[in-house]
Amino acid sequence: YYGRLRWIRRKREIRIFRQRRKVGISRSKSNRFSRGGGKPKGKTVCKFFVKGKCTHDHCSFLHMYSPIDNITLQASVSISPEALRDISLFKIEEDIHIATSDVKGEIQVFSPAKNEVIERFTPEGETTCLRVFDQFQNVLVAGYSKQAPGGAIHGSLLLLSGENKLEVEAHEGHITDIICVSFQTPEFTGEVFFTAGLDC
């Protein structure tokens with residue numbers, strides 16, 4: 001009876017030892033080939049990075065990728081970070097243009113297709129913000145502030161297709177941002193500009 005009991009106990013110890021050994025091997029493999037381990041980077045994109053949830057400082061998967069291989073840069077723009085205040089992309093006909101405003105209030109419209117600045121002008125006063133909306137991709141909207149004999153004037157400026165300029169609405173507050181909202185009323189339904197004016 002005791003011999004049989006010792007045999008069962010020995011068999012159980014061997015089984016436990018083998019299980020612990022398997023766990024140790026799996027742990028060492030997982031540490032070696034984990035996303036934060038030392039495995040060389042391959043061509044696989046990190047699925048956690050795509051979701052914005054990767055927390056590894058040295059991830060073994062790619063954090064930058066391109067869906068196609070034949071990308072060519074048509075133009076490069078060099079802007080002084082000290083002078084730049086705002087930047088927006090908007091459409092003129094079928095081409096995307098880059099609009100920038102600097103600390104001096106000057107607005108520049110750059111054409112990547114032509115690789116040159118196609119328009120440069122300074123509104124009467126300070127350019128406080130520069131915006132483009134999905135609903136109006138060919139309209140550039142700028143907030144401005146200028147001094148007049150009766151005091152400061154704050155308003156918004158529409159640049160239609162980068163050529164026609166139209167001043168719309170004057171505001172009592174200093175415009176820090178311009179947003180576009182959609183709302184419905186019994187008299188009107190559609191997209192409108194909503195300007196937020198704040199003294200700051």
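Each residue of the sequence shown is one higher than the one before, starting from 1 at the first, in UniProt numbering.
Glycine residues also receive a C-beta, built at the ideal position from the N, C-alpha and C atoms.
When burial is assigned at 16 or more other CB atoms within 10 Å of the CB, is V103 buried or exposed? Here residue 103 refers to the residue found at position 103 of the sequence shown. So V103 counts as exposed.
Distance, H97 Cα to V117 Cα: Looking up residue 117 in the sequence shown gives position 117. Looking up residue 97 in the sequence shown gives position 97. Take the alpha-carbon of V117 and the one of H97: they are about 10 angstroms apart.
Taking F110 as part of the beta strand (DSSP E), name the residues at either end of that continuous run. As a working note, residue 110 is residue 110 in the sequence shown. Here the beta strand (DSSP E) through F110 covers I107 to S111.
Counted within 10 angstroms of its Cβ, other Cβ atoms place residue 241 as buried (16 or more) or exposed: What is shown of the chain runs 1 to 200, which leaves residue 241 out entirely.
Alpha-carbon spacing of C54 relative to F48, whole angstroms: For this step, residue 54 is matched to residue 54 along the sequence shown. For this step, residue 48 is matched to residue 48 along the sequence shown. Straight-line Cα distance between these residues: approximately 5 angstroms.
Who does D57 pair with in a DSSP beta bridge? For the purposes of this step, residue 57 is taken as the residue at position 57 of the sequence shown. According to DSSP, D57 bridges with nothing at all.
Among I178, S60, T122 and R131, which residue has its Cα nearest to the Cα of Q108? Residue numbering aside, residue 108 sits at position 108 when the sequence shown is read from its first letter. Of I178, S60, T122 and R131, the smallest CA-CA separation from Q108 is found for T122.
When we look at the beta-carbon of E126 and count the other beta-carbons within 10 Å, is it buried (16 or more) or exposed? As a working mapping, residue 126 is identified with position 126 in the sequence shown. Classification of E126: buried, given that the 10 Å Cβ count is 16 or more.
Cβ atoms of S111 and A99: under 7 angstroms apart, would you say? Start at 1 with the first residue of the sequence shown, and residue 99 comes out as number 99. Start at 1 with the first residue of the sequence shown, and residue 111 comes out as number 111. No.
The beta strand (DSSP E) enclosing V132, as first and last residue numbers: Within the sequence shown, the letter at position 132 stands for residue 132. Unbroken beta strand (DSSP E) run through V132: E126 to F133.
Residue interval of the beta strand (DSSP E) (run including V117): Stepping through the sequence shown from its first residue, residue 117 is reached at position 117. Taken as a continuous stretch (DSSP letters only), the beta strand (DSSP E) holding V117 covers E116 to F121.
DSSP three-state label for K91, please. Along the sequence shown, one-based indexing puts residue 91 at 91. In the three-state reduction of the DSSP assignment, K91 falls in the strand class, which pools E and B.
For F33, count the other beta carbons within 10 Å of its own beta carbon; 16 or more makes it buried, fewer makes it exposed. Which is it? As a position in the sequence shown, residue 33 is number 33, starting the count at 1. Because the pLDDT of F33 is 47, which lies under 50, any placement of that residue in the model is unreliable, and the question is left without a value.
Buried or exposed: which applies to L130, given that a residue is buried once 16 or more other Cβ atoms fall within 10 Å of its Cβ? As a first step, residue 130 must be located in the sequence shown, where it is residue number 130. The residue is buried, with at least 16 neighbouring Cβ atoms inside 10 Å.
Using the C-alpha atoms, what's the distance from S145 back to C200? Position 200 of the sequence shown holds residue 200. Position 145 of the sequence shown holds residue 145. For C200, the pLDDT reaches just 47, beneath the cut-off of 50, and the residue's location in the model is therefore unreliable, leaving the point undetermined.
Using three-state DSSP, classify F49 as helix, strand or coil. Numbered from 1 along the sequence shown, position 49 holds the residue referred to as residue 49. Helix.
Leaving aside the five residues before and after N31 along the sequence, list all residues of the same chain whose C-beta is less than 6 angstroms from its C-beta, in chain order. Here residue 31 corresponds to residue number 31 of the sequence shown, with the count starting at 1. For N31, the predicted model reports a pLDDT of 49, less than 50, meaning its position is unreliable; a value from the coordinates is still stated below. Contacts found: none.
Find the nearest neighbour of K114 within the set G143, R120, E106 and D95, judged by alpha-carbon distance. In the sequence shown, residue 114 corresponds to position 114, counting from 1. Distances from the alpha-carbon of K114 to those of G143, R120, E106 and D95 put D95 closest.
Rounded separation between R12 and T44 - CA only: Taking the first residue of the sequence shown as 1, we reach residue 12 at position 12. Taking the first residue of the sequence shown as 1, we reach residue 44 at position 44. The alpha-carbon separation between R12 and T44 amounts to approximately 43 angstroms.
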